[in-house]
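Sequential numbering from 0 applies to the sequence shown in numbering that gives the first Met the number 0.
First comes the structure, then the notes that go with it.
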Amino acid sequence: MSTDRTPTAPTGYVQPELDVRALTEVLDGEYAEVRDLVRTNLVTYASVLDDAEELSIDAYRERVRDIVVEMAATGQTGMGFPKQYGGGGDVGASIAAFETAAFGDLSVLVKTGVQFGLFGGAILHLGTERHHDAYLPDLITGKLMGCFAMTETGHGSNVQALGTVARYDAAAQEFVITTEGDQARKDYIGNAARHGELAVVFAQLEVGGETEGVHAFVVPIRSGGEAVPGVDIEDDGRKMGLNGVDNGRIRFDGVRVPREALLNRFADVTPEGVYESTIDNPDRRFFTMLGTLVQGRVSVGGAGVNAAKVALAVATKYALRRRQFATDSQGEEQLLLDYGLHQRRLLPLVAQTYALHFAQDVLRAQLHNVFSGLEDDPQARRRLEARAAGTKALGTWHATRVIQECREACGGAGYLAVNRFAALKADSDIFTTFEGDNHVLLQLVAKGLLTDYASEFEDLDQLGMVRYVTGLAVDTVIEKTSAHKLLERVRDLLPGGDEWDQEAGLLDSEYQLAMLRYREEHMLAGVARRLKAGVDRKGDPGAVFSEVQDHVIAVAHAHVERLVLEAFVEKMRTLPEDGNKVALGLLCDLFALSTIEADRAWFMEHGRLTVQRSKAITREVNDLCRKVRPLAGDLVDAWGVPAAMLRAPDLVG
Numbered sequence: 000m001s002t003d004r005t006p007t008a009p010t011g012y013v014q015p016e017l018d019v020r021a022l023t024e025v026l027d028g029e030y031a032e033v034r035d036l037v038r039t040n041l042v043t044y045a046s047v048l049d050d051a052e053e054l055s056i057d058a059y060r061e062r063v064r065d066i067v068v069e070m071a072a073t074g075q076t077g078m079g080f081p082k083q084y085g086g087g088g089d090v091g092a093s094i095a096a097f098e099t100a101a102f103g104d105l106s107v108l109v110k111t112g113v114q115f116g117l118f119g120g121a122i123l124h125l126g127t128e129r130h131h132d133a134y135l136p137d138l139i140t141g142k143l144m145g146c147f148a149m150t151e152t153g154h155g156s157n158v159q160a161l162g163t164v165a166r167y168d169a170a171a172q173e174f175v176i177t178t179e180g181d182q183a184r185k186d187y188i189g190n191a192a193r194h195g196e197l198a199v200v201f202a203q204l205e206v207g208g209e210t211e212g213v214h215a216f217v218v219p220i221r222s223g224g225e226a227v228p229g230v231d232i233e234d235d236g237r238k239m240g241l242n243g244v245d246n247g248r249i250r251f252d253g254v255r256v257p258r259e260a261l262l263n264r265f266a267d268v269t270p271e272g273v274y275e276s277t278i279d280n281p282d283r284r285f286f287t288m289l290g291t292l293v294q295g296r297v298s299v300g301g302a303g304v305n306a307a308k309v310a311l312a313v314a315t316k317y318a319l320r321r322r323q324f325a326t327d328s329q330g331e332e333q334l335l336l337d338y339g340l341h342q343r344r345l346l347p348l349v350a351q352t353y354a355l356h357f358a359q360d361v362l363r364a365q366l367h368n369v370f371s372g373l374e375d376d377p378q379a380r381r382r383l384e385a386r387a388a389g390t391k392a393l394g395t396w397h398a399t400r401v402i403q404e405c406r407e408a409c410g411g412a413g414y415l416a417v418n419r420f421a422a423l424k425a426d427s428d429i430f431t432t433f434e435g436d437n438h439v440l441l442q443l444v445a446k447g448l449l450t451d452y453a454s455e456f457e458d459l460d461q462l463g464m465v466r467y468v469t470g471l472a473v474d475t476v477i478e479k480t481s482a483h484k485l486l487e488r489v490r491d492l493l494p495g496g497d498e499w500d501q502e503a504g505l506l507d508s509e510y511q512l513a514m515l516r517y518r519e520e521h522m523l524a525g526v527a528r529r530l531k532a533g534v535d536r537k538g539d540p541g542a543v544f545s546e547v548q549d550h551v552i553a554v555a556h557a558h559v560e561r562l563v564l565e566a567f568v569e570k571m572r573t574l575p576e577d578g579n580k581v582a583l584g585l586l587c588d589l590f591a592l593s594t595i596e597a598d599r600a601w602f603m604e605h606g607r608l609t610v611q612r613s614k615a616i617t618r619e620v621n622d623l624c625r626k627v628r629p630l631a632g633d634l635v636d637a638w639g640v641p642a643a644m645l646r647a648p649d650l651v652g
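Following this line, the structure appears as structure tokens:
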């Protein structure tokens, strides 16, 4: 069905032959075996998709917990932990497994992320051997369940301002954990309401009356299923989605833990009460600590992209079966995907999903290299943190947009719970704000761009960044991104001299990249100038930053879109010359041109698009949609979403 030529296919165009199995191998990459293990497990536990709708909330939570523990026994969830504790010793494999698990029930996915990514990751990356020996073996099997207690009712993204306090009692050699008011209660904490026995608690450390900033502590919260003395646990109750995850609120009333409970990779307190750290600067110490937890953002971004694949697979397959309205004298109704508007709605999203998939591949490799010690310089770590923040933002926003568009594209059928959209929509919506609110994350991306990931990167809060940028850095940014230099670099790549943007072919990847690079660098210079101008006028740095915040977000968004296109183009260059490469080339062009088209106002305002060329891009996007249309079924099949996960028999057949 998916290979039939449509009546509107462009004349003179030879449709490529797709090898779906080979394309799946390209997408699965080096982690094909890992992804197949996860697919097998998803099919084994496919009934959880029914359980989510039919069981009571308590029974559903227990079912999700049982599945997580049973999956742990297959090795799926422990791949990122050291082998000596029962893990797989492969960070990249752990991310690939998590991404693939997003084809299934997202409560199972998030429960997995809380247990092995957040709780386990904090023990692994913030703790030392004493913590690893004590907790990792049982944690990896799921025998020991735990929480990641960072977020508070009054503080989410602003972790440095958390209100929970851990005071050191030198006489007893214990830390005393206290919730200082309702705003300081730990909130929305996964595994807290029912299953968690331990929590990694982030609190302001006080030693000898001095505050040393936020540190992490291992704190028991339950024993024998009951809250321990001094710990008050409240269920967050039913949520918009993810009701198989037992989110809760935790308060601590003078809870005492031994000195060894401090996760002491970066700082420690001696028995006598002397604070020690190998990182003198408290801001740098804080950001170094948080940087070790970047794995969560990488995981969530990839999961968002794979949730989008499920929605697009259902909607595309439906559009290849469902007919609506006769368009010829024969009276046969036309397939939905033969309508130009339906192609426009779905196929650029398919292209963008492929683009984000390849961008996630690049990010996962960077994470693996940094955490495996293959790239151990501070700049590589800063670039990883910024790229993870930006890719997570775009990937999760993409999921939200795709799931809504696909639901609408399936009409009334899309509103039925059996067809997955209800769960996908409700369960994935939180992805845009957990592991960091997307707008806050894009500010982190912009901070890296404005400071060029300088050594000061980790030390700078928002005000510090403004002061830094408006000092030495702003001149560097403006010089580096001057329009003259941009045009010189473009002319080296493309024909047409100063008219490069009018002469180059629309399907030339160098032209497409040049357009996105020009936009990013022009925006970056503009932000730097506005910051400098505001401070030169003696404006308060915080107020100045607030005034340009929309510009800051725009440049970060432009930067990440450029990285995504670069990842797609680079992937294309590695592929053998065959039908699959031709098909991916169509998607790459479709992603690039639809991205330019979506921001055509900016390009026209800044002289990079004429009205005529803007119209030509729209025509080209329409033409690319027509070329992709007969390949659409194979392109979504290549993602390898198990049929049991589509769970939409009347839609997909």
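All residues carry an ideal CB built from backbone N, CA and C; glycine is no exception.
Since we're looking at a predicted model, the values are computed, not measured.
Problem - Rounded Cβ spacing between residue 655 and residue 640 (contact assumed at less than 8 Å) - result: The chain is shown only over 0 to 652; residue 655 falls outside these bounds and no answer can be derived.
Practice task
From the DSSP output, in three-state form, read off residue 22 for me.
Solution key: Here residue 22 refers to the residue found at position 23 of the sequence shown. Note: residue 22 maps to helix in three-state DSSP.
Handout entry: Assigned secondary structure, residue 231 (DSSP; H/G/I helix, E/B strand, else coil)
Key = Position 232 of the sequence shown, counted from the first residue, corresponds to residue 231. Residue 231: strand per DSSP, three-state reduction.
Practice task
Give the secondary structure of residue 214 by DSSP, where H, G and I count as helix, E and B as strand, and everything else as coil.
Solution key: As a first step, residue 214 must be located in the sequence shown, where it is residue number 215. The three-state reading of DSSP puts residue 214 in strand, counting E and B together.
Problem - Within the stretch 44 to 68, ranges of the alpha helix (DSSP H) (whole runs, at least 4 residues) - result: Those alpha helix (DSSP H) runs which fall completely within the stretch 44 to 68 and span 4+ residues are 47 to 53.
Exercise for the section: Please state whether DSSP places residue 240 in a helix, a strand or coil. Expected result: Here residue 240 corresponds to residue number 241 of the sequence shown, with the count starting at 1. Residue state, collapsed to three classes: coil.
Practice task
Can you grab the Cα-Cα spacing for the pair residue 575 / residue 632, in whole Å?
Solution key: The residue given as residue 575 occupies position 576 in the sequence shown. The residue given as residue 632 occupies position 633 in the sequence shown. A straight line joining the alpha-carbon of residue 575 with that of residue 632 spans about 22 Å.
Problem - Minimum length 4: unbroken alpha helix (DSSP H) runs contained in the stretch 350 to 408 - result: Those alpha helix (DSSP H) runs which fall completely within the stretch 350 to 408 and span 4+ residues are 377 to 408.
Exercise for the section: Tell me whether residue 275 is buried or exposed, calling it buried when 16 or more other Cβ atoms sit within 10 Å of its Cβ. Expected result: By 1-based counting over the sequence shown, the position of residue 275 is 276. Burial call: exposed.
Handout entry: N- and C-terminal bounds of the beta strand (DSSP E) containing residue 570
Key = Start at 1 with the first residue of the sequence shown, and residue 570 comes out as number 571. In the DSSP annotation of this structure, residue 570 is not part of any beta strand (DSSP E); the continuous alpha helix (DSSP H) holding it starts and ends at 548 to 572.
Handout entry: Cβ pair count under 8 Å reaching 3, the stretch 198 to 217 against the stretch 293 to 303
Key = Contact between the stretch 198 to 217 and the stretch 293 to 303 is absent, with fewer than three C-beta pairs closer than 8 Å.
Problem - the stretch 16 to 34 in contact with the stretch 89 to 105 per 3-pair CB rule at 8 Å - result: By the C-beta criterion, the stretch 16 to 34 is judged to be in contact with the stretch 89 to 105, since at least 3 inter-stretch pairs fall below 8 Å.
Problem - Euclidean distance between Cα positions of residue 99 and residue 54 - result: Here the question's residue 99 lines up with position 100 in the sequence shown. Here the question's residue 54 lines up with position 55 in the sequence shown. Here the alpha carbon of residue 99 sits roughly 25 Å from the alpha carbon of residue 54.
Exercise for the section: Return yes when at least one heavy atom of the ligand NAD lies under 7 Å from the C-beta of residue 210, else no. Expected result: By its list of ligands, the structure shown contains no ligand whatsoever, and the ligand NAD lies outside what it can speak to.
Handout entry: Beta-carbon proximity list for residue 288, same chain, < 7 Å, skipping 5 on both sides
Key = Along the sequence shown, read from residue 1 onward, the residue named residue 288 stands at position 289. The beta carbon of residue 288 lies closer than 7 Å to those of 125, 265 in the same chain, with the five residues before and after it left out.
Exercise for the section: Using beta-carbon positions only, say whether residue 557 and residue 518 come within less than 8 Å of one another. Expected result: Counting from 1 along the sequence shown, the entry for residue 557 is found at position 558. Counting from 1 along the sequence shown, the entry for residue 518 is found at position 519. Yes, these two residues count as a Cβ contact at 8 Å.
Practice task
For the stretch 618 to 635 and the stretch 374 to 390, state whether three or more C-beta atom pairs, one from each stretch, are separated by less than 8 Å.
Solution key: In short, these stretches do not touch, since the Cβ pair count stays below three.
Practice task
Could you spell out the range, first to last residue, of the beta strand (DSSP E) harbouring residue 174?
Solution key: Indexing the sequence shown from 1 puts residue 174 at position 175. It spans 173 to 177 - the beta strand (DSSP E) in which residue 174 sits, taken as one unbroken run.
Practice task
Taking all protein chains shown into account, decide if residue 459 is buried (16 or more other Cβ within 10 angstroms of its Cβ) or exposed.
Solution key: As a position in the sequence shown, residue 459 is number 460, starting the count at 1. Residue placement at residue 459 is poorly supported in this model, since its pLDDT is 48, which falls under 50; the coordinates are not used for a value here.
Handout entry: Simplified DSSP state of residue 618, which is helix, strand or coil
Key = Here residue 618 corresponds to residue number 619 of the sequence shown, with the count starting at 1. Of the three classes helix, strand and coil, the one that applies to residue 618 here is helix, per DSSP.
Handout entry: Identity of the residues DSSP links to residue 247 by a beta bridge
Key = Counting from one through the sequence shown, the residue named residue 247 turns up at place 248. Per DSSP, 188, 234.
Practice task
Compare the Cα-Cα distances from residue 342 to each of 622, 14, 37 and report the closest residue.
Solution key: Residue numbering aside, residue 342 sits at position 343 when the sequence shown is read from its first letter. Ranking 622, 14, 37 by Cα distance to residue 342 puts 622 first.
Exercise for the section: With residue 529 as the anchor, note down where its alpha helix (DSSP H) starts and where it stops. Expected result: Along the sequence shown, read from residue 1 onward, the residue named residue 529 stands at position 530. 508 to 535 is the extent of the alpha helix (DSSP H) around residue 529.
Handout entry: Local conformation of residue 459 per DSSP, three classes
Key = Against the sequence shown, residue 459 aligns to sequence position 460. Any answer about residue 459 is weak, because its pLDDT of 48 lies below 50 and its placement is not dependable; what the coordinates show is given next. Of the three classes helix, strand and coil, the one that applies to residue 459 here is coil, per DSSP.
Exercise for the section: Report yes or no: do three or more beta-carbon pairs, one from the stretch 364 to 378 and one from the stretch 105 to 112, lie closer than 8 Å? Expected result: Touching, no.
Problem - Three-state secondary structure assigned by DSSP to residue 17 - result: The count along the sequence shown starts at 1 and reaches residue 17 at position 18. Note: residue 17 maps to coil in three-state DSSP.
Handout entry: Nearest neighbour of residue 352, chosen from 419, 564, 578, 83 [CA to CA]
Key = Here residue 352 is taken as the residue at index 353 of the sequence shown, counted from 1. With distances taken between Cα atoms, residue 352 lies closest to 564.
Practice task
Below 8 Å CB to CB, which residues in the same chain sit around residue 652 once its five sequence neighbours on both sides are set aside?
Solution key: For the purposes of this step, residue 652 is taken as residue 653 along the sequence shown, with counting starting at 1. Hits under 8 Å: 316, 320.
Problem - Nearest residue (CA-CA) to residue 65, options 82, 140, 222 - result: Residue 65 sits at position 66 when you count from the first residue of the sequence shown. With respect to the C-alpha of residue 65, the residue from 82, 140, 222 having the closest C-alpha is 140.
Practice task
Tell me, please, whether the stretch 425 to 442 touches the stretch 394 to 402 by the rule of three or more beta-carbon pairs shorter than 8 Å.
Solution key: Segments in contact, yes.
Practice task
Count the other CB atoms, across all protein chains shown, that sit within 10 Å of the CB of residue 645; report buried if there are 16 or more and exposed otherwise.
Solution key: On the sequence shown, position 646 is the one that residue 645 refers to. Flag for residue 645 reads buried.
Practice task
Measure the alpha-carbon distance for residue 243 versus residue 57 and round it to whole angstroms.
Solution key: As a working note, residue 243 is residue 244 in the sequence shown. As a working note, residue 57 is residue 58 in the sequence shown. Whole-angstrom Cα-Cα distance: 8 Å.
Handout entry: Which of helix, strand or coil DSSP assigns to residue 647
Key = To locate residue 647, count along the sequence shown from 1; it is residue 648. In the structure shown, residue 647 sits in coil (DSSP, three-state: anything other than H, G, I, E or B).
Exercise for the section: Can you grab the Cα-Cα spacing for the pair residue 197 / residue 129, in whole Å? Expected result: Taking the first residue of the sequence shown as 1, we reach residue 197 at position 198. Taking the first residue of the sequence shown as 1, we reach residue 129 at position 130. Separation of residue 197 and residue 129 (C-alpha to C-alpha, rounded to the nearest whole angstrom) is 16 Å.
Practice task
Please confirm whether residue 169 and residue 249 have their CB atoms less than 8 Å apart.
Solution key: Taking the first residue of the sequence shown as 1, we reach residue 169 at position 170. Taking the first residue of the sequence shown as 1, we reach residue 249 at position 250. Cβ distance not < 8 Å, so residue 169 and residue 249 don't count as in contact.
Exercise for the section: Note down, in chain order, each residue of its chain lying with its Cβ closer than 6 Å to the Cβ of residue 456, except the 5 sequence neighbours on either side. Expected result: In the sequence shown, the residue the question calls residue 456 occupies position 457. Because residue 456 sits at a pLDDT of 45, beneath the cut-off of 50, its placement in the model cannot be relied upon, and the following sentence gives the value as read from the coordinates. 381, 450, listed in sequence order.
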